[in-house]
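The structure appears below as structure tokens.
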Amino acid sequence: MSAIERHMPVLARGSGRWTGQTRVISPEGKPLDSYTVDTVTRFPTDGSADYSAHVIHTWPHGKQRDIVILADYRGNQLEWRTPATGQMREIDDTAVYVTFSLAHDPSVKVRGLINISPDGTQRTRTWHWFKDEELFRLSLAWEVRAKT
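Numbering-wise, the UniProt record's numbering puts 98 at position 98 of the sequence shown, and it's gapless, one number per residue.
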């Protein structure tokens with residue numbers, strides 16, 4: 001176990017492959033989008049980053065979006081460096097607070113929570129999306145650890 005995994009036990013417990021669903025809604029609760037999500041999180045040992053997440057969103061018609069998130073460990077938190085800038089830090093024994101802004105549009109800021117069950121089999125994520133500090137959407141994800 002790396003030093004980062006020892007200092008961030010919630011994320012360490014959540015390392016691995018996750019599959020699930022994401023629903024995107026408006027602030028009024030109107031459905032905006034829905035897709036499956038397949039995520040692999042890990043603590044690379046090759047020096048490329050201290051933490052990585054490879055996320056694939058797949059829509060019912062087959063379209064996919066592929067995202068690779070890289071972060072470095074600094075001062076008891078992970079600092080995202082691509083594709084957004086932001087931080088992740090553990091706030092208790094099951095939750096990670098996340099805040100980031102999009103590199104291509106810094107006026108979009110996201111604040112969210114990742115919750116990983118104590119047994120490491122379930123994960124939920126909620127993202128609150130703001131444009132110029134006004135809420136414009138929420139993303140709600142629920143995932144289970146993928147069977148290998």
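Glycine included, C-beta positions come from ideal geometry on N, C-alpha and C. Note that this is a predicted model, so its numbers are computed, not measured.
(request) Using a threshold of 8 Å, state whether the C-beta atoms of residue 223 and Arg123 are closer than that. (result) Residue numbering for the chain in the displayed model covers 1 to 148; residue 223 lies beyond these limits and cannot be assessed.
(message) Do Ala84 and Leu113 count as a contact pair if the criterion is CB distance below 8 Å?
(response) Counting from one through the sequence shown, the residue named residue 113 turns up at place 113. Counting from one through the sequence shown, the residue named residue 84 turns up at place 84. No, these two residues do not count as a Cβ contact at 8 Å.
(request) Can you tell me which of the three DSSP states Ala84 falls into? (result) For the purposes of this step, residue 84 is identified with residue 84 of the sequence shown, where counting begins at 1. DSSP places Ala84 in strand when its eight states are reduced to three.
(request) Give a yes or no on whether the C-beta atoms belonging to Pro44 and Phe136 are separated by under 8 Å. (result) As a first step, residue 44 must be located in the sequence shown, where it is residue number 44. As a first step, residue 136 must be located in the sequence shown, where it is residue number 136. In this structure, Phe136 does not lie closer than 8 Å to Pro44 by Cβ.
(message) Which of the three DSSP states is assigned to Glu5 in this structure?
(response) One-based indexing of the sequence shown puts residue 5 at position 5. Note: Glu5 maps to helix in three-state DSSP.
(message) Using 8 Å as the cut-off, can you tell me whether the region 53–66 makes contact with the region 27–39, which would need three or more C-beta pairs spanning the two stretches below that distance?
(response) yes
(message) For Tyr97 and Pro60, I'd like the C-alpha separation in whole angstroms.
(response) Position 97 of the sequence shown, counting from 1, holds the residue named residue 97. Position 60 of the sequence shown, counting from 1, holds the residue named residue 60. Cα to Cα, Tyr97 sits roughly 30 Å from Pro60.
(request) With DSSP as the reference, label Ala49 as helix, strand or coil. (result) Translated into positions along the sequence shown, residue 49 becomes position 49. In the structure shown, Ala49 sits in coil (DSSP, three-state: anything other than H, G, I, E or B).
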